[in-house]
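Down below is the structure, laid out as structure tokens.
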DNA sequence: CTGGATCATGTGGTCGGACCACAGCCTAGC
DNA sequence: GCTAGGCTGTGGTCCGACCACATGATCCAG
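Residue numbers (this note's numbering), protein chains in the order written: chain V, 103 to 331; chain G, 103 to 331.
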């Protein structure tokens, strides 16, 4: 058992027992080190891991905002894991796309069935109609649209995974933009597809919503020649 | 920019560029520290994060197995993230169950359509027929069956997520066993359902396979009173 | 008495150096 | 030629120190 794992187990146990809640602060690194009988560097390694896992947020200084504060931020660690494993080329892009299709078509179907409030989606689509958007800006709004749509289904795990997928592939998608024959024409098509998806969700047509978003995702990846399932 | 992030970015860049491949070793901590102009503790914090992310595996000693070796192990970090966030109670168990149903029914459907080789599943089911299995042993085999089934669809991301979900909830499921009215009777039912699922996959009946596994998962969580969607 | 400038305090961030345990390699001795 | 021992390089751990930062108490001037 490595020393820093003592801290990880301790924190996880206290979280599970409810003795540590979101918004509260971890004991100081020096205190933690003395309590567990280990050195401050070992504690720091554990805190770094917790930070990477989205469980704490560290800040210098004093006051209630400083120190290691318990948070619940599952998106950034999932993003980091996916990005790193995409970088190793042991996570095929095709599998990511397939997963997106599965999650998003489910979410669209659920959103349509629940007649979820889709006003936020419309704001994003309006923003995407602005002329002269750079590919980077356009894709960021596009990602926000897809993530927001996934969130409508009300499942925080699936929403987090979707947000992570989008963040992780952000760079790859932008790098593939030059593969597109005509960027302007592509945005026109994507915007129209988004509107159609929104319409289906609002109309309460689960099958239509799911089919439209499946075609939307598949179509883009084929056009951009990001290798496909 | 914190110092240890220098290492993370460096490693991710080298992975993406193909200069670091799986099985190769990271430079020694002392070397890395000097190359980046930072201290060894900072390097160590970064290595710990990479280890937690399943990108490297560290070992002491000398020889090709020692040091920080590049690996691709996405399951353990995903498991850790899910476990920690389950511990914070900001990840409802119901959402996890819903996600399982979505992923596993998809995987069962795919496996049935592809007529994937399901021999491994049968070995697991035979092992589950052994009399006198403890709930812990039974559930471990059960988890293996579900993960193996998810793997048949051939999507490494979905398989990794499924494996993580099972590992993360392992403890919670075992803790819920006392809620069951009759453990022995439950195992009889679960085994029969597993056989039915396997049969549907082998028969190439995607709809049946998906429906059976959905009912299988939902039924167990309702019986064990792990809160449901 | 009021208000702003200043310092004390406690936090994480970083560093250098030191020592240990471990595993493989290499060499000296048989 | 073979074996046993030491050598070397790896991560694992610790100590002590200093820095940067944000806060809040304190002090002094008005």
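Note that the Cβ used here is the ideal one computed from N, Cα and C, for glycine as well.
Check	Outcome
Apart from the five residues just before and just after residue 198(G), which ones in its own chain have a Cβ nearer than 8 Å to its Cβ?	184, 188, 267, 270 and 271
Mind reading off the beta-carbon distance from residue 295(G) to residue 318(G)? Whole number of angstroms is fine, and I expect it under 8 Å.	4 Å
Along the alpha helix (DSSP H) that carries residue 321(G), what are the first and last residues, could you check?	308-326
For the alpha helix (DSSP H) that contains residue 271(G), what are its first and last residues?	258-278
Would you kindly work out how many angstroms separate the C-alpha atoms of residue 368(V) and residue 155(G), rounded to a whole number?	Outside the modelled stretch of chain V, which goes from 103 to 331, sits residue 368(V), for which no answer is possible.
Does any residue of chain G have a CB that is nearer than 8 Å to the CB of residue 201(V)?	yes
Which chain V residues sit within Cβ distance under 8 Å of residue 208(G)?	204
Give the residues of chain G in contact with residue 228(V), contact being defined as C-beta atoms less than 9 Å apart.	Within chain G, no residue comes near residue 228(V); the closest Cβ sits about 30 Å away, beyond 9 Å.
Relative to the C-alpha of residue 153(V), which candidate in 106(G), 173(G) and 195(G) has its C-alpha closest?	106(G)
With 8 Å as the threshold, decide whether the Cβ of residue 332(V) is near any Cβ in chain G.	With chain V covering 103 to 331 only, the question about residue 332(V) has no answer from this structure.
Which residues does DSSP pair with residue 160(G) in a beta bridge?	170(G)
Are the C-beta atoms of residue 186(V) and some chain G residue less than 8 Å apart?	yes
Please list, in chain order, all residues of the same chain as residue 168(G) whose beta carbon is under 8 Å from its beta carbon, the five residues on each side excluded.	161 and 162
DSSP three-state label for residue 127(G), please.	strand
Is the CB of residue 275(V) under 8 Å away from at least one CB in chain G?	no
Hey, quick one: how far does the alpha helix (DSSP H) through residue 301(V) stretch, first residue to last?	285-305
Hey, out of 144(V), 158(V) and 123(V), whose CA is closest to residue 133(V)'s CA?	144(V)
Check distances from the C-beta atoms of the region 303-317 of chain V to those of chain G and list, in chain order, the residues that come in under 9 Å.	none
Quick one: which unbroken alpha helix (DSSP H) runs of 4-plus residues sit fully inside the region 181-241 of chain V? Chain order, please.	195-216 and 221-230
Does the contact criterion of 3 or more C-beta pairs under 8 Å hold for the region 227-234 of chain G versus the region 171-180 of chain V?	no
Taking Cβ-Cβ distances shorter than 9 Å, what residues in chain V pair up with residue 192(G)?	124, 174, 176 and 258
Cβ of residue 117(V) less than 8 Å from any chain G Cβ?	yes
Taking only the alpha-carbon atoms, compute the straight-line gap between residue 111(G) and residue 264(G) and give it to the nearest angstrom.	28 Å
From residue 309(V) to residue 202(V), what does the alpha carbon distance come to, in whole angstroms?	17 Å
What's the call for residue 124(G), buried or exposed, on a 16-neighbour Cβ count within 10 Å?	exposed
Under 8 Å between C-beta atoms, does residue 231(G) make it to chain V?	no
Just tell me which of 206(G), 147(G) and 292(G) has its CA closest to the CA of residue 321(G).	292(G)
Going by beta-carbon coordinates alone, are residue 300(V) and residue 204(V) separated by less than 8 Å?	no
So with Cβ pairs under 8 Å, would you call residue 182(G) a contact of chain V?	yes
Could you list which residues in chain V have their beta carbon closer than 7 Å to that of residue 147(G), in chain order?	146, 147 and 150
Could you tell me the alpha carbon to alpha carbon distance between residue 325(G) and residue 276(G), rounded to whole angstroms?	13 Å
How many angstroms separate the CA atom of residue 118(G) from the CA atom of residue 157(G)?	13 Å
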